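> One structure, as structure tokens, below. Some questions next.
Residue numbers (my numbering), protein chains in the order written: chain A, 1033 to 1143; chain B, 422 to 534.
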């Protein structure tokens, strides 16, 4: 079975600073990888996904993530944080028979 | 626009009562899922269905049941509510497995007193 580890349950950045949210996975077969965002009192919505095409994936709201097979990582980045990016972010790994979510990282953006 | 809805959005109940949470999707997706979200645990899968009359247990299925009588609905039943089942519950659906994203409902906050 696959698993996901998100390093850091809380990340705080200043507005305009780089956002880096870390995700490492384990999977016995080539995985599909996702990042979801959850705003307060809402469900999750897709930011981006990796499906074995380009290793650098661009998503909504200026976010991108790079699939690194050798490091089993799929870190999420954004060059310049905005106040509206404050939310909880979930990494997920999927195969044909299973999807697993990480525990989540809460992003705080300071003015 | 297609959507996925959950009702009620908030529910308070007492220990031992049976509770049913509704989930309805208009995506015409075959796959539907129920998760619970608790601080520090992320999302944990309760039950899932790959089509009408198909149901499967997830990692935290004890005390919960589902049934799938049509494509649109997957109600989640707590047979005898316990305080440990106080949580936020999310329903999701997807077109297929693997590379296909899940679409999430807005969640139901359940409190068991």
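Where a beta carbon is used, it is the ideal one built from N, C-alpha and C, also for glycine.
Nothing here was measured: the structure is a model prediction, and the numbers come from that model.
Below 7 Å CB to CB, which residues in the same chain sit around residue 1037/A once its five sequence neighbours on both sides are set aside?
Answer for residue 1037/A: 1056, 1134, listed in chain order.
> Residue 463/B versus chain A: which residues are under 7 Å apart at the beta carbon?
What residue 463/B touches in chain A: 1122, 1133, 1134, 1135, 1136.
> With the cut-off set at 9 Å, would you say residue 430/B and residue 453/B are in Cβ contact?
For residue 430/B and residue 453/B, no; Cβs fall outside 9 Å.
> Would the beta-carbon of residue 1060/A fall within 9 Å of that of residue 1093/A?
The answer is no: Cβ separation not under 9 Å.
> Buried or exposed: residue 438/B, going by 16 or more other Cβ atoms within 10 Å of its Cβ?
Residue 438/B comes out exposed.
> Can you confirm whether the region 475-486 of chain B touches the region 518-533 of chain B when touching is taken to mean that 3 or more C-beta pairs between the two stretches lie within less than 8 Å?
No, they do not touch.
> Report the CB separation of residue 460/B from residue 510/B in whole angstroms; it is logged as a contact under 8 Å.
Their Cβ separation, rounded to whole angstroms, is 14 Å, which puts residue 460/B and residue 510/B out of contact at 8 Å.
> Which residues in chain B have a C-beta closer than 7 Å to the C-beta of residue 1034/A? List them in chain order.
Correct list: empty, because the minimum Cβ distance to chain B is about 12 Å.
> For residue 473/B, which residues from the same chain have a beta carbon less than 8 Å from its beta carbon, with the 5 sequence-adjacent residues on both sides left out?
Excluding sequence neighbours, residue 473/B sits near 489, 490, 491, 492.
> Who does residue 1115/A pair with in a DSSP beta bridge?
DSSP output for residue 1115/A lists no bridge partner at all.
> Let me know the alpha helix (DSSP H) ranges lying completely inside the region 1072-1141 of chain A, each 4 residues or longer, listed in chain order.
The qualifying runs do not exist here; there are none.
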